[in-house]
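Sequence order for the protein chains is P and X.
Per the numbering used here: the first sequence = residues 7 to 356.
Per the numbering used here: the second sequence = residues 7 to 356.
We put the beta carbon where it would ideally sit given N, CA and C, even for glycine.
Here is the structure we will look at.
2 protein chains.
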Amino acid sequence: MTVTLADVAARAQVSPATVSRVLNGNYPVAAATRERVLRAVDELDYVLNGPASSLAAATSDLVGILVNDIADPFFGIMASAVQSEITGPGGRAGGERMAVVCNTGGSPERELTYLTLLQRQRAAAVVVTGGAIENAPHAAAIGGKLRRLGEAGSRVVLCGRPPADDAPDAVALTFDNRGGGRRLTDHLIGLGHRRIGYIAGPTERTTTRHRLEGHQEALAAAGVADDPRLTLHGPYDRRSGYDATLELLRRAPELTAVVAANDTVALGACAALRDRGLSIPDDVSVAGFDDLPFSIDAVPALTTVRLPLYEAGARAGRIAMGREEEPPGGIATVHGELMVRGSTGVPRPY
Amino acid sequence: MTVTLADVAARAQVSPATVSRVLNGNYPVAAATRERVLRAVDELDYVLNGPASSLAAATSDLVGILVNDIADPFFGIMASAVQSEITGPGGRAGGERMAVVCNTGGSPERELTYLTLLQRQRAAAVVVTGGAIENAPHAAAIGGKLRRLGEAGSRVVLCGRPPADDAPDAVALTFDNRGGGRRLTDHLIGLGHRRIGYIAGPTERTTTRHRLEGHQEALAAAGVADDPRLTLHGPYDRRSGYDATLELLRRAPELTAVVAANDTVALGACAALRDRGLSIPDDVSVAGFDDLPFSIDAVPALTTVRLPLYEAGARAGRIAMGREEEPPGGIATVHGELMVRGSTGVPRPY
DNA sequence: GCCTGCACAGCAAGCGCTTTCTATTGAGGA
DNA sequence: TCCTCAATAGAAAGCGCTTGCTGTGCAGGC
Chain P
7 MTVTLADVAA
17 RAQVSPATVS
27 RVLNGNYPVA
37 AATRERVLRA
47 VDELDYVLNG
57 PASSLAAATS
67 DLVGILVNDI
77 ADPFFGIMAS
87 AVQSEITGPG
97 GRAGGERMAV
107 VCNTGGSPER
117 ELTYLTLLQR
127 QRAAAVVVTG
137 GAIENAPHAA
147 AIGGKLRRLG
157 EAGSRVVLCG
167 RPPADDAPDA
177 VALTFDNRGG
187 GRRLTDHLIG
197 LGHRRIGYIA
207 GPTERTTTRH
217 RLEGHQEALA
227 AAGVADDPRL
237 TLHGPYDRRS
247 GYDATLELLR
257 RAPELTAVVA
267 ANDTVALGAC
277 AALRDRGLSI
287 PDDVSVAGFD
297 DLPFSIDAVP
307 ALTTVRLPLY
317 EAGARAGRIA
327 MGREEEPPGG
337 IATVHGELMV
347 RGSTGVPRPY
Chain X
7 MTVTLADVAA
17 RAQVSPATVS
27 RVLNGNYPVA
37 AATRERVLRA
47 VDELDYVLNG
57 PASSLAAATS
67 DLVGILVNDI
77 ADPFFGIMAS
87 AVQSEITGPG
97 GRAGGERMAV
107 VCNTGGSPER
117 ELTYLTLLQR
127 QRAAAVVVTG
137 GAIENAPHAA
147 AIGGKLRRLG
157 EAGSRVVLCG
167 RPPADDAPDA
177 VALTFDNRGG
187 GRRLTDHLIG
197 LGHRRIGYIA
207 GPTERTTTRH
217 RLEGHQEALA
227 AAGVADDPRL
237 TLHGPYDRRS
247 GYDATLELLR
257 RAPELTAVVA
267 ANDTVALGAC
277 AALRDRGLSI
287 PDDVSVAGFD
297 DLPFSIDAVP
307 ALTTVRLPLY
317 EAGARAGRIA
327 MGREEEPPGG
337 IATVHGELMV
347 RGSTGVPRPY
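Listed below in structure tokens is the structure:
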């Protein structure tokens, strides 16, 4: 029914071992023989059986990429970067690795499930993106899983998430969310803003906490009181930005700036301000985070912190493939760059 | 070193066969025995060896999703929808399927490579998104590959692409790009526009051609001459929209509307118009296609054709899993909905 | 009391490949 | 001329799992 190695061997008049060696190219085979084998492969339209190959060789060419939301360009960009780096000459037949992008929806359970699935597939490497959940049992469970993945031979790289305590040998490329958050609020304070609303991401996530802490550090450093009524939490989506902005306006009509947890949330904030008839930045300044591609097309263009998502993803991919040295200590911090654009300006006189 | 089925069997004092049956749950096992086995699995932290399992059972729980660009929400949304539908009770241990999102970059070669890789992995199903290349040899190669995938037992579903001639049993959910394109231009003509620039996608792609043909049909139906100088081709990105708009303005300063191949291109067009000091829609109307999430946040909000990407992807996923009946003839057309928003208006008097 | 049948559990034969070890050849050196 | 060695090819032993078939024990029917 389906063509196997043995069929190819028979047609090429060689042993299965020889066919395998031609396909894997890691053992001397006479040119004439190779030729004959390749012809047979072609004629029979032979396709290697991946599972059998992985079983026998005890390796696989799958690389897992865990993302919170594949429909969000924040993750899409990193995933695409990782993927662009993992295909390579290295390894096995065809030389092609396969990226498996897994959508966890931000749920630790699904994260765990996918890690198990990847372990089951004996993935060559696993890149985990997105912030971590701040919840001891979950963190421990995931850390343990990552450690076991590493022990089983998969390279584990965290991209945009802090190092996991329970997986000491996992490389971590963490984003400087705190520093970025701080610079952003510094910028607003520098413009003269004092009443600044903050729309944070979901609680219990490292990304959310770090960005918020950066904001608070900036306030504290400038001696601006941090009014807890001006900080709201919500998911990383447009809706959250919209609703939270309306609520902030209700709570503090005098506010002159809104900082959002990310660009998508910021877009929602802009929409709410527009719907309220407020002008950006004359009435209220708005700032985001990430600098996703669409942020420059907002009107006015969004002031934000650019995270080098593609570069970080690419680096994670290379490290996962062993094509780039691990950073010292297995940890590297990736910094963001403040992009000042039209959505922030001096506050209106009050 | 690594724990195997046999280790679990030994610890639970049963045969490997029994462990396998407990894990797969497709054969009667006494409750007490099952209990004992599960405990052993837990205690040993056993994880099934996927390749071995797939080899022995001649099936796998991988589902491939081919996309042109994973960083583009157009594909991200569909991929996420497919993925949300493929996890299910069906099948093998864990009941979890794994989505493999493959980034082809729109290149037919990579498309072919990934299809081979999926065939090699004996994927349970393959969902191919994105328009097809219009090039006979490539189309035939890909069609043949899809047919062979189908013959090898993978369910093949095309999502957002016309049926492949060479893969008769592949289900196709095609987008009504032509109809959408026509309605969009109809709308502009109805507003009074006669000089309409068109920024098309890359040549040799079905999506590009169909959308453009819809535009041309609308022009013809209204008796408006189709000036070929007003149609430009380029990639589906912002840059292309920006550059093409400047070029259109150069060629025909009198034009009053620009239709873009998709929303991303439209955003680039808006940026170019703004940079030229032209007002949207008072000086020039702009329309996009797809209705991606950010389109509503453009200022003014983008008139576009909404494609139900999530719904289509979800349906493709269900069909791929055999959880929804195939459409009659294996082909279904998915229609778009015209979303009239602020970026289009009556043309300025000239 | 003996036989049939059911509910489980185990045996063992692969699934299709990789890889170690061994055999075969021919070339070159002594 | 014989021997050694390098270069290739083959034989065969698994890799860890699934599953058809073969027990085995016990309940019920005669």
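- Query: Looking at the structure shown, is Met-104/X part of a helix, part of a strand, or coil, going by DSSP?
  - Reply: DSSP places Met-104/X within a strand segment (E or B) once states are collapsed to three.
- Item | Contacts around Val-290/X, its chain only, beta-carbon distance under 8 Å, and the 5 residues preceding and following it disregarded | By the criterion of a C-beta distance shorter than 8 Å, Val-290/X is surrounded in its chain by Leu-261, Thr-262, Ala-263, Val-264, Leu-279 and Leu-284, once the five residues flanking it on both sides are discounted.
- Host beta strand (DSSP E) of Val-352/X (start-end): Where Val-352/X is concerned, there is no enclosing beta strand (DSSP E), given that its DSSP letter is neither H nor E.
- Assumed close pair Arg-161/X, Gly-56/P - CB separation to whole angstroms, cut-off 8 Å: Between the beta-carbon of Arg-161/X and that of Gly-56/P there is about 18 Å, and that puts the pair past the 8 Å contact cut.
- Query: Out of curiosity, what's the CA-to-CA distance linking Gly-96/X and Phe-81/P?
  - Reply: Caution is warranted here: a pLDDT of 40 is assigned to Gly-96/X, below 50, making its placement in the model unreliable, and the coordinate value is therefore given only provisionally. Answer to the nearest angstrom: the Cα atoms are 29 Å apart.
- Task: Measure from the C-beta of Ala-166/P to each C-beta in chain X and report whether the shortest distance is under 8 Å.
- Result: Before going further, note that residue 166/P is Gly rather than Ala in the sequence given. It does not: the Cβ of Gly-166/P has no partner Cβ on chain X nearer than 8 Å.
- Note down, one range per segment and in chain order, each beta strand (DSSP E) of at least 3 residues found wholly within the segment 53-97 of chain X. Here the runs fully enclosed are 68-73.
- Query: Who does Ile-205/P pair with in a DSSP beta bridge?
  - Reply: DSSP output for Ile-205/P lists Leu-238/P and Ala-266/P as bridge partner(s).
- Message: Extract the residue ranges of the beta strand (DSSP E) inside the segment 240-307 of chain X, only unbroken runs of 3 or more that lie entirely within it.
- Response: List check, beta strand (DSSP E) in window: 263-266 and 291-293.
- Task: Pull out every residue of the segment 107-122 of chain X whose Cβ sits closer than 8 Å to any Cβ of chain P, in chain order.
- Result: If the cut-off is 8 Å between Cβ atoms, the segment 107-122 of chain X has Val-107, Cys-108, Asn-109, Thr-119, Tyr-120 and Thr-122 near chain P.
- Query: Which residues does DSSP pair with Thr-135/P in a beta bridge?
  - Reply: Note: Thr-135/P sits in a beta bridge opposite Cys-165/P.
- Any beta-carbon of chain X closer than 8 Å to the one on Gly-97/P? Reliability of the predicted coordinates at Gly-97/P is poor, the pLDDT of 36 falling under 50, and the value obtained from them is presented with this limitation in mind. False, the Cβ-Cβ gap to chain X never drops below 8 Å.
- Task: Say yes only if the C-beta of Ile-286/P is nearer than 7 Å to one or more non-hydrogen atoms of the ligand MG, and no if none qualify.
- Result: Inclusion of the ligand MG in the displayed structure is not the case, the ligand content being empty and no account of it being possible.
- Message: What does the alpha-carbon distance come out to for the pair Ala-99/X and Thr-65/X?
- Response: Residue confidence is low: Ala-99/X scores 36 on pLDDT, short of 50, so the model does not pin down where it sits. No coordinate-derived value is stated.
- Output yes if chain P places a C-beta closer than 8 Å to the C-beta of Phe-295/X; else output no. It does not: the Cβ of Phe-295/X has no partner Cβ on chain P nearer than 8 Å.
- Under a three-way DSSP split, which group does Val-346/X fall into? Note: Val-346/X maps to coil in three-state DSSP.
- Task: Could you work out which residues of chain P lie near Ser-349/X, taking near to mean beta carbons separated by less than 9 Å?
- Result: Per Cβ cutoff of 9 Å: no residues; Ser-349/X is ~11 Å from chain P at best.
- Item | Asn-32/X (DSSP reduced to helix, strand or coil) | In the three-state reduction of the DSSP assignment, Asn-32/X falls in the coil class.
- Message: On the criterion of 16 or more Cβ atoms from any shown chain inside 10 Å, does Asn-32/X qualify as buried, or is it exposed?
- Response: Asn-32/X comes out exposed.
- Task: Check the DSSP bridge columns for Ala-338/X and list the partner residues they point to.
- Result: In the DSSP assignment, the residues bridged to Ala-338/X are Leu-179/X.
- Query: Mapping DSSP to helix, strand and coil, what is Arg-40/P?
  - Reply: Helix, per DSSP.
- Item | Element boundaries [beta strand (DSSP E), containing Val-311/X] | Segment 310-312, the beta strand (DSSP E) holding Val-311/X.
- Query: Taking Cβ-Cβ distances shorter than 7 Å, what residues in chain P pair up with Ile-83/X?
  - Reply: Within chain P, the residues Ala-77 have their CB atoms less than 7 Å from the CB of Ile-83/X, given in chain order.
- Message: What does the alpha-carbon distance come out to for the pair Ala-267/P and Thr-191/P?
- Response: Those two C-alpha atoms are separated by around 12 Å.
- Query: Exposed or buried, Val-25/P, counting other C-beta atoms within 10 Å across all chains shown (16 or more means buried)?
  - Reply: Classification for Val-25/P: buried.
- Task: Establish whether the CB of Thr-8/P and some CB of chain X are separated by less than 8 Å.
- Result: Closer than 8 Å: yes.
- Query: Shorter than 8 Å from the beta carbon of Glu-25/P to some beta carbon of chain X?
  - Reply: Checking the displayed sequence, the identity of residue 25/P turns out to be Val instead of Glu. At least 8 Å separates the CB of Val-25/P from every CB of chain X.
- With which residues is Asn-109/P paired in a DSSP beta bridge? Answer by DSSP bridge pairing, in chain order: Val-73/P.
- Task: Could you list which residues in chain P have their beta carbon closer than 7 Å to that of Val-53/X, in chain order?
- Result: Here the neighbours are Thr-122, Gln-125 and Arg-126.
- Query: Name the residues in the segment 325-337 of chain X whose C-beta lies less than 9 Å from a C-beta of chain P; which are they?
  - Reply: Those would be none; no residue qualifies.
- Task: Note down, in chain order, every chain P residue with its Cβ under 9 Å from the Cβ of Gln-89/X.
- Result: Result: Ile-76, Val-107, Cys-108 and Asn-109.
- Return the chain-ordered list of same chain residues with a C-beta closer than 6 Å to the C-beta of Leu-179/X, the five sequence neighbours on each side being excluded. Once the five neighbours on either side are set aside, the close Cβ partners of Leu-179/X are Cys-165, Ala-318, Ala-322, Ala-338 and Val-340.
- Query: Taking the Cβ atom as the reference point for each residue, do Ala-105/P and Gln-89/P lie within a distance shorter than 8 Å?
  - Reply: Yes, they are a contact pair.
- Beta-carbon contacts of His-199/P that lie in its chain and below 8 Å, excluding the five residues immediately before and after: Around His-199/P: Thr-262, Ala-263, Ser-291 and Pro-353.
- Query: Does the distance from the C-beta atom of Ala-275/X to that of Thr-251/X stay below 8 Å?
  - Reply: The answer is yes: Cβ separation under 8 Å.
- Task: Determine the extent of the alpha helix (DSSP H) in which Arg-17/P is found, giving its start and end residues.
- Result: 11-18 is the extent of the alpha helix (DSSP H) around Arg-17/P.
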